[in-house]
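Student:
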Amino acid sequence: MLPPRLSAALVAGIVTVTAFSLSACDDNLSSALSSSGSTSESSAAVETPGDPVETPTSAVETSILVAPTPTTPDGIDRELVEKTLQTSWSSLEDPEAALDMSALLTGVALEDFENQRQEWAVTKLHQVGKAKIVSTVIEPIDDPTAVVARVCVDSSAVEVRDENDAVVNSDIPRDEQRSLMLTTFRLEDGTWKLAERSFPDDPHC
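Here our numbering is used: position 97 in the sequence shown is 828, and no number is missing along the way.
This is the structure we're talking about:
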């Protein structure tokens, strides 16, 4: 988990880059439209031989991750919860890789993951090391197609590094490197998927 000030800085950086790109595009478009009006007649009368032909680029291949199978028939178990979380976390080791996480995640959880992955790809961050799941408690709720899992996660072995391989999360206090995560899994098309994740007011575990 990144410090709040680092997260805010990263988001601000993305907004700045986006705004700069849009501004540049607007300037180029305005310039192109202006020059187009004054040269339309001459361009119609003169052909320019040897114009480069744009070669279509090949599509980026997307890897599709397979959802783990619960060991309990027709149900969800602790092993499935932990495998789903570990798989989604490990994908941040290479945020620029094209991954389809829809077999594991859905709803808000899928959207949050994509936002984080894209943010890290832009800011050239990546994860080294793996978080350890200390305990998992599954709590059924009134909805038979959903369960809540309370997961205690120890992230002390996880480093977030920048493009120069420098660690950027070394200032997180030790007591904040272990926290309780509240996860909601939903049954979707016969598969249990992580739908939401949040933290309680007191995340210590």
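Using N, Cα and C, we set each Cβ at its ideal position, and we do this for glycine too.
Compare the beta carbon distance of residue 807 and residue 879 with 7 Å and say whether it is the shorter of the two.
Tutor: Cβ distance not < 7 Å, so residue 807 and residue 879 don't count as in contact.
Student: If we ignore side chains and look at the alpha-carbon of each, how far apart do residue 909 and residue 868 end up?
Tutor: Whole-angstrom Cα-Cα distance: 16 Å.
Student: With respect to the alpha helix (DSSP H) encompassing residue 814, which residues constitute its N-terminal and C-terminal limits?
Tutor: Start and end: 809-821.
Student: Return helix, strand or coil for residue 755, following the three-state DSSP convention.
Tutor: Confidence in residue 755 is poor, its pLDDT being 35 and thus under 50, which makes the residue's placement unreliable; the coordinate value appears in the next sentence. Three-state DSSP puts residue 755 in a helix.
Student: Compute the beta-carbon to beta-carbon distance between residue 837 and residue 917, rounded to the nearest angstrom, for a pair I have assumed lies under 8 Å.
Tutor: Correct: roughly 6 Å between the Cβ atoms.
Student: Using CA coordinates, which residue listed in 885, 864 and 892 is at the minimum distance from residue 823?
Tutor: For the residues 885, 864 and 892, the minimum Cα distance to residue 823 belongs to 892.
Student: Can you tell me which of the three DSSP states residue 853 falls into?
Tutor: Looking at residue 853 - three-state DSSP - the assignment turns out to be helix.
Student: For residue 860, which residues in the same chain have their Cβ closer than 6 Å to its Cβ, ignoring the five residues on either side in sequence?
Tutor: The residues are 888, 889 and 890.
Student: Would a C-beta distance cut-off of 7 Å place residue 815 and residue 925 closer than the cut-off?
Tutor: Closer than 7 Å, so yes.
Student: Mapping DSSP to helix, strand and coil, what is residue 847?
Tutor: Residue 847 falls in the helix class under three-state DSSP.
Student: Between residue 864 and residue 813, which are expected to be in contact by the criterion C-beta below 8 Å, what is the C-beta distance as a whole number of angstroms?
Tutor: Right, the Cβ-Cβ distance comes to about 5 Å (below 8 Å), so this counts as a contact.
Student: Going by CA-CA distance only, name the one from 834, 828, 876 and 842 that's closest to residue 857.
Tutor: Comparing Cα-Cα distances from residue 857 to each of 834, 828, 876 and 842, the minimum goes to 828.
Student: How about residue 944 and residue 934: do their beta carbons lie closer than 7 Å?
Tutor: As displayed, the chain neither begins before 732 nor continues past 936, which places residue 944 out of reach and without an answer.
Student: In this structure, what does DSSP give as the bridge partners for residue 880?
Tutor: In DSSP, residue 880 forms a bridge with 869 and 914.
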